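Notes for the one structure printed next.
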Amino acid sequence: MEVFLPDVQRYPVPNVRIEKLIFQTESGDVNQKVSTDELNRLKEELNGISAKAFKESTTSFEVLIQFRLTPSSNVDFKMQTTGGEKEDGILTSFYNAVSKINRYQSIKDDVLVVFHYKITPTEMK
Numbered sequence: 001m002e003v004f005l006p007d008v009q010r011y012p013v014p015n016v017r018i019e020k021l022i023f024q025t026e027s028g029d030v031n032q033k034v035s036t037d038e039l040n041r042l043k044e045e046l047n048g049i050s051a052k053a054f055k056e057s058t059t060s061f062e063v064l065i066q067f068r069l070t071p072s073s074n075v076d077f078k079m080q081t082t083g084g085e086k087e088d089g090i091l092t093s094f095y096n097a098v099s100k101i102n103r104y105q106s107i108k109d110d111v112l113v114v115f116h117y118k119i120t121p122t123e124m125k
């Protein structure tokens, strides 16, 4: 299920945009398997990390983060990016910060939560 986000919620900082926020489960109603409050807290924490890591980017790239929430264990996550060597430093910093996210859980069954960020160069003034 893709979550609709109004523009004011899509931009943690002006050059970082959430292109998509999706959550899904293998079967059943995903809304019964993870609370909206839990998803919002996860989104806010990840937005803070992405804003800090990417706010001074000088290049364009995209980042896809997939979290697997379970009822009993720590958060599992995977990251994919279109960034290259130029972005290694900020992507490593971002990855290390995201790897510390571990307090979110589903109510029952596994729930996948996917964030797709698009980063553009910071405008110079």
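Numbering follows UniProt numbering, in which position 100 of the sequence shown is assigned residue number 100; successive positions increment by one, without gaps. Beta carbons: idealized from backbone N, C-alpha and C, even for Gly. Everything numeric in this text was worked out from a predicted model, so none of it was measured.
**Request:** Just mark Ile90 as buried or exposed, buried being the case when its beta carbon has 16 or more other beta carbons within 10 Å.
**Result:** Position 90 of the sequence shown, counting from 1, holds the residue named residue 90. Looking at its Cβ environment, which holds 16 or more other Cβ atoms inside 10 Å, Ile90 is buried.
**Prompt:** Given that a residue counts as buried once 16 or more other Cβ atoms are within 10 Å of its Cβ, and exposed if not, what is Glu87?
**Reply:** As a working mapping, residue 87 is identified with position 87 in the sequence shown. It counts as buried.
**Prompt:** Tell me which same chain residues have a C-beta within less than 8 angstroms of the C-beta of Lys20, skipping the five on either side of it?
**Reply:** Residue mapping note: residue 20 aligns to position 20 of the sequence shown, counting from 1. The residues are Glu2, Val114, Phe115 and His116.
**Message:** When you measure from the CB of Asn74 to every non-hydrogen atom of the ligand ZN, does any distance come out below 7 angstroms?
**Reply:** In the structure shown, the ligand ZN is absent, as is every other ligand, since no ligand is present at all.
**Request:** May I have the straight-line CA-CA distance separating Ser57 from Thr120, to the nearest angstrom?
**Result:** Your numbering for residue 57 matches position 57 in the sequence shown. Your numbering for residue 120 matches position 120 in the sequence shown. Those two C-alpha atoms are separated by around 7 angstroms.
**Request:** Name the two residues that bound the continuous alpha helix (DSSP H) containing Leu46.
**Result:** Position 46 of the sequence shown, counted from the start, is the residue given in the question as residue 46. Its alpha helix (DSSP H) spans residues Thr36 to Phe54.
**Asked** For the beta strand (DSSP E) that contains Ile101, what are its first and last residues?
**Response** Locating residue 101 in the sequence shown gives position 101, counting from the first residue. Ile101: not part of any beta strand (DSSP E); DSSP gives it neither H nor E.
**Request:** Leaving aside the five residues before and after Thr81 along the sequence, list all residues of the same chain whose C-beta is less than 8 angstroms from its C-beta, in chain order.
**Result:** Stepping through the sequence shown from its first residue, residue 81 is reached at position 81. Non-local C-beta neighbours of Thr81 in its own chain, meaning closer than 8 angstroms and more than five positions away in sequence, comprise Phe61, Glu62, Val63, Leu64, Glu87 and Leu91, ordered along the chain.
**Prompt:** Should Ile6 go down as buried or exposed, given a rule of 16 or more other Cβ atoms within 10 Å for buried?
**Reply:** As a working note, residue 6 is residue 6 in the sequence shown. The identity of residue 6 in the sequence shown is Pro, whereas the question assumes Ile. Flag for Pro6 reads exposed.
**Message:** Quick check: what's the CA-CA separation for Phe4 versus Glu26?
**Reply:** As a first step, residue 4 is located in the sequence shown; it is residue number 4 there, counting from the start. As a first step, residue 26 is located in the sequence shown; it is residue number 26 there, counting from the start. Taking C-alpha positions only, Phe4 is separated from Glu26 by approximately 21 angstroms.
**Asked** Helix, strand or coil: how does DSSP classify Thr81 here?
**Response** As a working mapping, residue 81 is identified with position 81 in the sequence shown. Reduced to three states, the DSSP call for Thr81 is strand.
**Message:** Rounded to the nearest angstrom, what separates Val75 and Ile49 at their Cα positions?
**Reply:** Walking along the sequence shown from the start, residue 75 turns up at place 75. Walking along the sequence shown from the start, residue 49 turns up at place 49. Looking at the two C-alpha atoms, the distance is approximately 16 angstroms.
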